[in-house]
Amino acid sequence: MRTDTIFYQLFQTLPGILFELIGESANQAEAYQFASVEIKELAFRFDGLFLPLADFPEQPIYFVEVQFQPKTDFYWRLFAEIFVYLNQYQPIQDWRAVAVFAKRSLDPGVPMQYRGLLMSQQVTFVYLDELESTVNTSLGLGIVQLVVEEEATVNEQARQLLEKAQQELEDVALRQKVLELIETILVYKFTNLSREEIEAMFGLSELKQTRYFREVAQDAKEEGKLEAKLETVPLLLELGLTVEQIAERLSLDVEAVRKAAQTSSVDNSQGEDTGI
Numbered sequence: 063m064r065t066d067t068i069f070y071q072l073f074q075t076l077p078g079i080l081f082e083l084i085g086e087s088a089n090q091a092e093a094y095q096f097a098s099v100e101i102k103e104l105a106f107r108f109d110g111l112f113l114p115l116a117d118f119p120e121q122p123i124y125f126v127e128v129q130f131q132p133k134t135d136f137y138w139r140l141f142a143e144i145f146v147y148l149n150q151y152q153p154i155q156d157w158r159a160v161a162v163f164a165k166r167s168l169d170p171g172v173p174m175q176y177r178g179l180l181m182s183q184q185v186t187f188v189y190l191d192e193l194e195s196t197v198n199t200s201l202g203l204g205i206v207q208l209v210v211e212e213e214a215t216v217n218e219q220a221r222q223l224l225e226k227a228q229q230e231l232e233d234v235a236l237r238q239k240v241l242e243l244i245e246t247i248l249v250y251k252f253t254n255l256s257r258e259e260i261e262a263m264f265g266l267s268e269l270k271q272t273r274y275f276r277e278v279a280q281d282a283k284e285e286g287k288l289e290a291k292l293e294t295v296p297l298l299l300e301l302g303l304t305v306e307q308i309a310e311r312l313s314l315d316v317e318a319v320r321k322a323a324q325t326s327s328v329d330n331s332q333g334e335d336t337g338i
């Protein structure tokens with residue numbers, strides 16, 4: 063299973079999951095924006111990065127790494143990523159690391175060279191197979207547990223989550239994203255079944271015939287096209303085109319092109335400041 067992709071989507075869709083995993087209130091997610099940031103120097107990328115919003119500067123940064131396969135250098139790489147990030151961006155906030163393992167046996171143990179981080183309690187460990195499941199388990203934690211659910215009970219668990227999502231999520235767009243996320247997890251778990259067979263098994267095929275689903279799918283397609291166009295803005299600027307010329311050629315709003323150009327300029331200046 064491509065757990066990096068799954069957990070990126072999980073944290074992006076339901077950011078409160080992180081805080082539930084470490085025993086805190088899901089409401090804390092309201093003080094954060096979720097991102098997946100690449101560290102330029104060594105091409106590192108975090109599975110999840112929770113950055114405090116401007117209104118909550120006292121909150122710590124959370125670095126999240128998820129591991130489903132044995133990896134003896136897990137902590138060496140995680141802490142290297144963190145310290146390179148701190149050097150590159152020099153944030154004003156404190157930080158915490160959250161190491162999420164499918165099961166405890168995959169945890170190689172923190173090297174003695176980093177024992178100070180354990181003493182400062184800056185690292186939290188989560189073992190997904192040890193999470194307790196009750197009738198009051200939140201939707202977010204339930205989806206996380208579905209990733210490691212035993213084959214014998216995965217059908218029942220998935221049906222309960224699909225029902226809970228439709229009952230609890232009033233935001234239709236969010237509900238749609240969660241249902242698609244559950245479907246994606248099922249596709250990875252039932253490798254012998256096609257996506258169409260899974261949709262039929264769990265009643266998802268009927269859901270996808272609704273007018274709303276078709277509209278959401280079309281919006282997502284259009285959004286993808288827009289992002290692709292905006293990504294070409296820096297290159298066209300280098301070729302000597304003006305913002306107005308780029309907007310005309312790409313059939314975009316001038317203000318959108320100008321914003322993309324400014325973002326590109328900021329990214330380049332940050333790279334120069336850090337010596338990258």
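Residue numbering for the sequence shown follows the numbering used here, starting at 63 and increasing by one per position. Every residue, glycine too, gets a C-beta built ideally from N, C-alpha and C. The structure displayed is predicted, hence computed values, not measured ones.
Can you check whether the CB of residue j is closer than 8 Å to the CB of residue i?
| i | j | result |
| --- | --- | --- |
| Tyr-124 | Leu-80 | yes |
| Ile-205 | Ile-244 | yes |
| Glu-93 | Gln-121 | First, the residue type needs correcting, since residue 93 is Ala and not Glu in the sequence shown. In contact: Ala-93 and Gln-121 (Cβ atoms closer than 8 Å). |
| Val-126 | Val-172 | no |
| Lys-165 | Tyr-189 | yes |
| Val-209 | Ile-247 | yes |
| Gln-183 | Trp-157 | no |
| Pro-119 | Gln-155 | yes |
| Phe-264 | Leu-224 | yes |
| Val-340 | Ile-84 | Absent from the structure is residue 340, since the part of the chain shown begins at 63 and ends at 338. |
| Pro-77 | Phe-96 | yes |
| Val-319 | Val-295 | yes |
| Glu-86 | Gly-202 | no |
Please report the residue range of the alpha helix (DSSP H) in which residue i lies.
| i | result |
| --- | --- |
| Gly-178 | 177-181 |
| Ile-205 | 201-209 |
| Gln-229 | 213-230 |
| Glu-163 | First, the residue type needs correcting, since residue 163 is Phe and not Glu in the sequence shown. Counting along the chain, Phe-163 falls outside any alpha helix (DSSP H), though it belongs to the beta strand (DSSP E) covering 157-163. |
| Thr-246 | 234-251 |
| Ile-308 | 305-312 |
| Leu-140 | 136-151 |
| Glu-127 | Note, Glu-127: premise wrong, no alpha helix (DSSP H); beta strand (DSSP E) at 123-129. |
| Arg-257 | 257-263 |
Tell me, to the nearest whole angstrom, how far the beta carbon of residue i is from that of residue j; I am working on the premise that it is less than 8 Å.
| i | j | result |
| --- | --- | --- |
| Ala-88 | Ser-200 | 7 Å |
| Val-305 | Ala-323 | 6 Å |
| Arg-237 | Val-249 | The Cβ separation is near 19 Å, so there is no contact. |
Which residue wins for smallest C-alpha separation from residue i, given the options the options?
| i | options | result |
| --- | --- | --- |
| Leu-211 | Gln-229, Trp-157 and Glu-192 | Position check: residue 211 holds Glu in this sequence, whereas Leu was assumed. Of the candidates Gln-229, Trp-157 and Glu-192, the one whose C-alpha sits nearest the C-alpha of Glu-211 is Glu-192. |
| Phe-187 | Gln-222, Leu-231, Asn-217 and Phe-136 | Phe-136 |
| Gly-110 | Phe-118, Tyr-70 and Leu-190 | Tyr-70 |
| Ala-91 | Asp-117, Thr-67 and Arg-107 | Asp-117 |
| Gln-222 | Asp-233, Leu-241 and Leu-236 | Leu-241 |
| Thr-67 | Gln-129, Leu-113 and Leu-115 | Gln-129 |
| Pro-132 | Pro-170, Ala-262 and Gln-229 | Pro-170 |
| Leu-113 | Leu-140, Asn-198, Leu-148 and Gln-219 | Leu-148 |
| Leu-179 | Thr-215, Asn-198 and Leu-140 | Leu-140 |
| Gln-219 | Asp-233, Leu-298, Leu-292 and Ser-195 | Ser-195 |
| Leu-115 | Trp-138, Pro-153 and Ala-142 | Pro-153 |
I need the boundaries of the beta strand (DSSP E) containing residue i, first residue and last residue.
| i | result |
| --- | --- |
| Ile-154 | Looking at the DSSP string, Ile-154 is not in any beta strand (DSSP E), and its letter there is neither H nor E. |
| Pro-114 | 110-114 |
| Val-188 | 185-189 |
| 4-residue-minimum alpha helix (DSSP H) runs that sit fully inside the region 70-94, ordered along the chain | 78-83
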